[in-house]
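See below for the structure under consideration.
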Amino acid sequence: MTDAIAAPAATPLDYHDLPHLIGLMTGDEKHAVSADSTLDVLWVLYSRVLNVTPATADDPDRDRFLLSKGHGPMSYYAVLAARGFIPVDALSTFGAFDSMLGHHPDRTLIRGVEISSGSLGHGLPIGVGVALGLQAQARDGRVVVLVGDAELDEGTNHEAIALAGRLGLERLTVVAIDNRSATHGWPGAIAARFEVEGWASATVDGRDHDALETAFNAAPVGRPMVVVTVVEEGS
Amino acid sequence: MTVTAPTDTMRDRFERVTTGLLEENPRLAVVLAEIGVAGFARTMRRYPDRVINVGIREQLMISVASGLALTGLRSIAHSYTPFLVERAFEQVKLDLAHQGVGAVLVSIGASYDWPEGGLTHQAPEDVALLGSLPDMEIHVPGHPDEAEALLRFAIGGDGSAYLRLSAQVNAEPMPITPGRFHVVRRGFAATVIAVGPMLDRVNEAAHDLDVTILYATTVVPFDADTLRAELTAPSVILVEPYLQGTSAHRVSDALRDTPHRLLSIGVPRVELRRYGSPEEHDAAHGLDVAGLRDRIGRFVRSDR
Chain A
259 MTDAIAAPAA
269 TPLDYHDLPH
279 LIGLMTGDEK
289 HAVSADSTLD
299 VLWVLYSRVL
309 NVTPATADDP
319 DRDRFLLSKG
329 HGPMSYYAVL
339 AARGFIPVDA
349 LSTFGAFDSM
359 LGHHPDRTLI
369 RGVEISSGSL
379 GHGLPIGVGV
389 ALGLQAQARD
399 GRVVVLVGDA
409 ELDEGTNHEA
419 IALAGRLGLE
429 RLTVVAIDNR
439 SATHGWPGAI
449 AARFEVEGWA
459 SATVDGRDHD
469 ALETAFNAAP
479 VGRPMVVVTV
489 VEEGS
Chain B
432 MTVTAPTDTM
442 RDRFERVTTG
452 LLEENPRLAV
462 VLAEIGVAGF
472 ARTMRRYPDR
482 VINVGIREQL
492 MISVASGLAL
502 TGLRSIAHSY
512 TPFLVERAFE
522 QVKLDLAHQG
532 VGAVLVSIGA
542 SYDWPEGGLT
552 HQAPEDVALL
562 GSLPDMEIHV
572 PGHPDEAEAL
582 LRFAIGGDGS
592 AYLRLSAQVN
602 AEPMPITPGR
612 FHVVRRGFAA
622 TVIAVGPMLD
632 RVNEAAHDLD
642 VTILYATTVV
652 PFDADTLRAE
662 LTAPSVILVE
672 PYLQGTSAHR
682 VSDALRDTPH
692 RLLSIGVPRV
702 ELRRYGSPEE
712 HDAAHGLDVA
722 GLRDRIGRFV
732 RSDR
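From first to last, the protein sequence lines are chains A and B.
Our numbering numbers the first residue of the first sequence as 259 and each following residue consecutively.
Our numbering numbers the first residue of the second sequence as 432 and each following residue consecutively.
Here is the structure:
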């Protein structure tokens, strides 16, 4: 960690503040739709599901969220700002030379960010290692990894999906944002790819907060879970 | 020269020492990608949460090592050189270095340790590749005793380190200090830096030459202080068991204020489509005693 890590914001904000917070970040408009596709999932995770706050961001028993799909992190940064992990003032520095907020997140610069991401196909394999590390140390804490449907093209994900299924990593949850952006698609649906490796699955409306919360809290025993969140095509 | 082989291999020593350390240190973990499982079979049964075989998935092996490190464990990733270093290079770069966490990477199958296997199982580029990353220590032992010392040193740190094990060894261990060159002997015509398993051959090739011989078992960080302190002539000969010239820029940087000339000897950038033995490949690349003697001798004499 470096001196550039931000102090927590004083006052947590609300879901309805997110569009304004996102609007403070300019320069990566080409990934705006990618960011938007994750917005509701991120809000539900941080406001209703994950056991982590700015005060417990270093607690070894905290829940971990790994944003594997590091493109378009504007929604992620907005949620982190709203929940007090990073100062709102930092958002307008997005992408600047001395900003903590790059167009891909850097965990060494941002308090509460568990992994640095950007190159696709890294978050889920790392997440398997994090889950194994917590298990080896008999720690509490679940591991939630967000991937995109197109990101699943990367073969490294399938190394991780297979191993996590074989090992029954029940503390591992994958959120797969399905906005049908994979060029060649996933015939038979994304969930089936995980199920064949022994994962539990749920497919829900990616904008329905209650449905998302229910799916994330399903907590299957003895196997990992994928929650496929369906949002508008191309969003 | 009488050569007596060590009683165990570097790989044997790695497995034995690591097994002991797993018992002593509850924060130590080993990640394998099928290769090496036999050597850790009993330990894997005893510590199933800390000796993890991910299957034939080398990229996942490094990512898992990263994830373990993110939770506070000290992880070792171990496999055959091309799979550990080349196939998983982006994971080493992004999942370890870029995340700001470390792991100890331990390879077997150095350069052409298994020449019958062909290029798919050879990676003399390993040190050049890993040396391009920030904060990656690189150790090249020449004897099982040195491998053990460097392994213990690497595990004791918290950054990333590469321990390059080889089937090619020197007959006797040197009294090494991790991170420092060992002065084997002093002379006045040139300075020879012999890296890891090249030492015995360099000693024999240069036995009647008036040269300083420095023995390097850590090449990153590069011991520039010892090189500068021991330099008695402006001629340096770098003898590495991997890609020729890998550490040449480090010599140049160490001697940036000293006029000098440099001969880099190592595995050339060619694919030698031959099988056979490591000794035959050494000879083909001029890395046997005769080849070294010829090149070192001509270089030293050309300075007179």
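From the three backbone atoms N, C-alpha and C, an ideal C-beta is built for every residue, glycine too.
As a beta-bridge residue in DSSP terms, F323/A pairs with V402/A.
Shown here for V482/B: same chain residues with a beta carbon closer than 6 angstroms to its own, the five before and five after excluded, namely V461, F471, T474, M475 in chain order. Per the DSSP secondary-structure output, M567/B pairs in a beta bridge with S591/B. If you draw a straight line from the Cα of A636/B to the Cα of Q393/A, it is about 54 angstroms long. Among the CB atoms of chain B, none fall inside 8 angstroms of the CB of A315/A. Counting C-beta pairs closer than 8 angstroms gives fewer than three between the region 559-573 of chain B and the region 390-407 of chain A, which falls short of the contact rule. Counting C-beta atoms within 10 angstroms of its own C-beta, I487/B has fewer than 16 neighbours from the protein chains shown and is therefore classed as exposed. The Cβ neighbour count for L550/B, taken over all protein chains shown within 10 Å, is under 16; the residue is labelled exposed. Spanning the alpha carbons of V386/A and V731/B requires a straight line of approximately 55 angstroms.
Put simply, the CB of E455/B is far from chain A, with every gap to its CB atoms at 8 angstroms or more.
Setting aside the 5 residues that flank it on each side, P513/B is surrounded in the same chain by A554, each with a C-beta closer than 6 angstroms to its C-beta; the list follows chain order. In the three-state scheme derived from DSSP, where H, G and I count as helix and E and B as strand, I373/A is classed as coil. By the rule that beta-carbons nearer than 8 angstroms mark a contact, E521/B touches chain A. Taking 8 angstroms as the upper bound for CB-CB distance, D407/A and S439/A are in contact here, some 6 angstroms apart.
Only buried fits T643/B, as 16 or more other CB atoms lie within 10 angstroms of its CB.
The three-state secondary structure of N415/A, taken from DSSP, is helix. Comparing alpha-carbon positions, the option among H467/A, F474/A, A420/A lying closest to A450/A turns out to be A420/A. Beta-bridge analysis with DSSP links D436/A to V488/A.
Cα atoms of L630/B and L640/B: separation of roughly 15 angstroms, rounded to the nearest angstrom.
Here the region 586-599 of chain B does not lie against the region 678-694 of chain B, with fewer than 3 beta-carbon pairs under 8 angstroms apart. Of the candidates G728/B, I727/B, G467/B, I696/B, I696/B places its Cα closest to the Cα of H716/B. Residue ranges of uninterrupted beta strand (DSSP E) with 3 or more members, entirely inside the region 283-341 of chain A and ordered along the chain, are 322-325. In terms of beta-carbon proximity, I586/B stays away from the interface with chain A, with every pair separated by 8 angstroms or more. Under the Cβ criterion (8 angstroms, minimum of three pairs), the region 514-531 of chain B does not count as touching the region 697-715 of chain B. Counting along the chain, D439/B sits inside no alpha helix (DSSP H), nor does DSSP assign it H or E at all. Residue pairing by DSSP places N484/B opposite L463/B in a beta bridge.
Rounded to whole angstroms, V720/B and L430/A show a C-alpha spacing of 55 angstroms. Y304/A and H509/B have their C-alpha atoms some 37 angstroms from each other.
Closer than 8 angstroms to the CB of H509/B there is not a single CB belonging to chain A. In the three-state scheme derived from DSSP, where H, G and I count as helix and E and B as strand, V623/B is classed as strand. Counting other Cβ atoms within 10 Å of its Cβ, K288/A stays below 16 and is therefore classed as exposed. Per DSSP, A458/A is one residue of the beta strand (DSSP E) stretching across 458-463. Remark: fewer than three beta-carbon pairs, one from each stretch, lie closer than 8 angstroms, so the region 339-350 of chain A and the region 491-504 of chain B are not flagged as touching. S733/B counts as exposed, since fewer than 16 other C-beta atoms from the protein chains shown sit within 10 angstroms of its C-beta. Proximity of chain A to D480/B at the Cβ level (cut-off 8 angstroms) is accounted for by L390, Q393, A394, in chain order. Closest in alpha carbon position to G328/A, among G342/A, A447/A, S295/A, is S295/A.
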